[in-house]
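Okay, structure first, notes after.
In the working numbering, the protein residues as written are 47 to 628.
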């Protein structure tokens, strides 16, 4: 068991540790430089059992004028956690909310602390990915390559910078798959089945899309599990996992899930139908025409592989693409079917020189594109030379590539809009995609040495391009990964809370704004006369026993004000509409 998680050679152990240390450094860098965005703020509240919008705090915010932090922080029951998760997070994320609740009680609620939990799950996912691939291929090298790809993957970096359940979700999916392989290929024990059921159930309850992982486990059983007597045991395990999800969706905190998803889809359709030419959410939301789906889906497709990340945005022209596709097929065919004549490599390079002379721009990016194509052709065409174990692992991982990406297409045409075509909704598959890609990269060793060197240099240039994406994430200027083009400031709600603790005197009143100008405001009917978002987010950082007098002014949309007993006022912060409400 230890060998699955720890390389055997000194060199590989050193590289293993270097990858983890590098991942830790890259994840903690600027971890709390920018304020929480809206999903993180939802987590901030649901992890303490508070409903976003105050459904379980009506007596505090709506039934009277004044309230205190002590009332906001009153002891919560399981029903509060269930309701807050059901209303605010479509019924998902509950396991993570409990873990974060325990984490906050020990390490506090600073942005760095909240997000560091995601960093730890990100590192644990890398270790588990190594163990999974070692179990799958019995190759330390493939596992280490996958760890390297996970280190470079921009989405993993972005998710590790979020106080959200995604990193825990990825870790659970990989852990569940590792346990599944141990059951299928090592030996069956009651203990392993129990742990597999618990881990996979937790993964599915953390996010419902993780159910795709369980489905792909089932595909493995259908293809490879021959002793029929074993089917009933894995079927019982899968049944218990499914039963836990069904119970949660019917009598637990997920009872609003399907209605929430239906309402969300209706809202998205209303937005795109009201603005058929220009959506207020930009290219992230449009009607599901072939053109719109192709435009958005192609970005997700290319960016799902770190070796082709961002290429779709810099490659232009059918002529250029046709030339590179032709060269990649020619190169693969020459290497795979050729007789390896003496000057074969020289001939291929000369043809490339002539071909690339006709490209109009982005020569290096097209070289990266070509290397990706050759890797795919070379890896698939080498099937007959793989061992039975390699064939099994490569095929199984291929399902993690194809099915989640196919589901995004299916969902787009079914829903009528492109709002769900996002890499984040297929993130549960990305660790396995990294494993699939690492197996293809491992096959480079079978190429002639000159091509190994060329491939290495070209992929090194892609690493540089990916580092530029990392830099944009660190600057908070990556709309795709950090959701913002204009950098955020450090958490304004926490800053206001700290300011309140510094200046508040008995008799003072904190006056909060009521702002309802969110992006959906024109499409959603407001049911309350005040909006309590800012008051909730700030109180989440105030001392739990504080007796500060607070109220919400329905006529003040922007400013947090300290009002003295004599009527004088001091502005503590001005949110300036949506500018500082992330």
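Ideal Cβ placement from N, Cα and C applies to all residues, glycine included.
Item to complete: Inspect the beta-carbon positions of residue 384 and residue 489 and report whether they are closer than 8 Å.
Response: No, the Cβ-Cβ distance between residue 384 and residue 489 is not below 8 Å.
Discussion item. Looking only at its chain, what residues have a beta carbon closer than 8 Å to the beta carbon of residue 231, apart from the 5 residues adjacent to it on each side?
Written reply: Taken in chain order, the residues that qualify are 181.
Practice prompt. May I have the straight-line CA-CA distance separating residue 482 from residue 437, to the nearest angstrom?
Written response: The alpha-carbon atoms of residue 482 and residue 437 are separated by roughly 12 Å.
Worksheet item: From which residue to which residue does the alpha helix (DSSP H) around residue 615 run?
Response: From DSSP, residue 615 is part of no alpha helix (DSSP H) but of the beta strand (DSSP E) over 615 to 620.
Worksheet entry | Sequence-distant residues of the same chain with beta carbon closer than 6 Å to residue 349, five excluded per side | Within the same chain, Cβ atoms closer than 6 Å to the Cβ of residue 349 are found at 355 and 469, the five residues on either side in sequence being excluded.
Discussion item. Only counting the same chain, and skipping five residues up and downstream in sequence, which positions put a Cβ closer than 6 Å to that of residue 401?
Written reply: Taken in chain order, the residues that qualify are 369 and 373.
Worksheet item: Is it true that the CB of residue 464 sits closer than 8 Å to the CB of residue 339?
Response: Yes; because the gap between Cβ atoms is below 8 Å, this pair is in contact.
Fill in: Where the alpha helix (DSSP H) containing residue 252 begins and where it ends
First-last of the alpha helix (DSSP H) with residue 252: 236 to 252.
Worksheet item: Curious, which full-length alpha helix (DSSP H) runs of at least 4 residues does the region 321 to 387 contain?
Response: Segments of the alpha helix (DSSP H) lying fully in the region 321 to 387: 336 to 349 and 364 to 383.
Worksheet entry | Spatially closest choice to residue 404 from 365, 377 and 381, by CA coordinates | Residue 365 is the option with its Cα nearest to residue 404.
Discussion item. Alpha carbons only, please: which of 139, 611 and 179 is nearest the one belonging to residue 440?
Written reply: It is 179 whose Cα lies nearest to the Cα of residue 440.
Worksheet item: What are the start and end residues of the alpha helix (DSSP H) that includes residue 424?
Response: First-last of the alpha helix (DSSP H) with residue 424: 409 to 427.
Item to complete: Assign residue 452 to one of two classes, buried (16 or more other C-beta atoms within 10 Å of its C-beta) or exposed (fewer than that).
Response: Within a 10 Å sphere around the beta-carbon of residue 452 sit fewer than 16 other beta-carbons, which makes this residue exposed.
Discussion item. According to DSSP, simplified to helix, strand and coil, what is residue 595?
Written reply: In the structure shown, residue 595 adopts extended strand secondary structure according to DSSP, grouped into three states.
Worksheet item: In the region 429 to 490, which residue ranges form an unbroken beta strand (DSSP E) of at least 3 residues, counting only runs that do not cross its ends?
Response: List check, beta strand (DSSP E) in window: nothing returned.
Worksheet item: Would a C-beta distance cut-off of 8 Å place residue 497 and residue 475 closer than the cut-off?
Response: No; because the gap between Cβ atoms is not below 8 Å, this pair is not in contact.
Worksheet item: Which residues share a DSSP beta bridge with residue 317?
Response: The bridge partners DSSP lists for residue 317 come to none.
Worksheet item: Which residue comes first and which comes last in the beta strand (DSSP E) that contains residue 631?
Response: Because the chain here runs from 47 to 628, residue 631 falls outside it and cannot be looked at.
Worksheet item: Going by other Cβ atoms of all chains shown within 10 Å of its Cβ, with 16 needed for buried, is residue 269 buried or exposed?
Response: Exposed is the call here.
Worksheet item: What span of residues does the beta strand (DSSP E) with residue 142 cover, start to end?
Response: From DSSP, residue 142 is part of no beta strand (DSSP E) but of the alpha helix (DSSP H) over 140 to 153.
Discussion item. Going by beta-carbon coordinates alone, are residue 249 and residue 222 separated by less than 8 Å?
Written reply: Closer than 8 Å, so yes.
Worksheet item: Anyone know if the C-beta pair for residue 227 and residue 381 falls short of 8 Å?
Response: Against a cut-off of 8 Å, the Cβ pair of residue 381 and residue 227 comes out as no contact.
Worksheet item: For residue 635, which residues does DSSP report across the bridge?
Response: Here the chain comprises residues numbered 47 to 628, so residue 635 is not present and cannot be evaluated.
Practice prompt. Take the Cβ of residue 207 as the centre, count every other Cβ of all protein chains shown within 10 Å, and call the residue buried at 16 or more, exposed below.
Written response: It counts as buried.
Item to complete: Take residue 429 as the anchor and find which of 485, 279, 128 and 517 has the nearest alpha-carbon.
Response: When each option's Cα is compared against that of residue 429, the closest is 485.
Discussion item. Does residue 83 come out as helix, strand or coil in the three-state DSSP assignment?
Written reply: Of the three classes helix, strand and coil, the one that applies to residue 83 here is coil, per DSSP.
Worksheet entry | Same chain, Cβ closer than 7 Å to residue 50, neighbours up to 5 away in sequence not counted | Excluding sequence neighbours, residue 50 sits near 177, 180 and 181.
Discussion item. Tell me which residues share the same chain as residue 159 and place their Cβ nearer than 8 Å to its Cβ, disregarding the 5 neighbours each side in the sequence.
Written reply: Taken in chain order, the residues that qualify are 149, 150 and 153.
Worksheet item: Do the region 72 to 87 and the region 157 to 174 touch if we need at least three Cβ pairs shorter than 8 Å?
Response: Segments in contact, yes.
Item to complete: Return helix, strand or coil for residue 113, following the three-state DSSP convention.
Response: Residue 113: strand per DSSP, three-state reduction.
Practice prompt. For my contact list, residue 280 and residue 292 are in at a C-beta cut-off of 8 Å; report their separation, rounded to the angstrom.
Written response: The Cβ separation is near 18 Å, so there is no contact.
Discussion item. Using CA atoms only, rank isn't needed, just tell me which of 287, 138, 113 and 103 is closest to residue 122.
Written reply: Proximity to residue 122 across 287, 138, 113 and 103 peaks at 103, based on C-alpha coordinates.
Fill in: residue 612, enclosing alpha helix (DSSP H) - first and last residue
Segment: none, residue 612 is in no alpha helix (DSSP H) and carries neither H nor E.
Discussion item. Along the chain, where does the alpha helix (DSSP H) containing residue 200 start, and where does it finish?
Written reply: Here the alpha helix (DSSP H) through residue 200 covers 200 to 206.
Discussion item. Assuming residue 537 is part of the alpha helix (DSSP H), what are its boundary residues?
Written reply: Counting along the chain, residue 537 falls outside any alpha helix (DSSP H), and DSSP gives it neither H nor E.
Fill in: Simplified DSSP state of residue 192, which is helix, strand or coil
Residue 192: helix per DSSP, three-state reduction.
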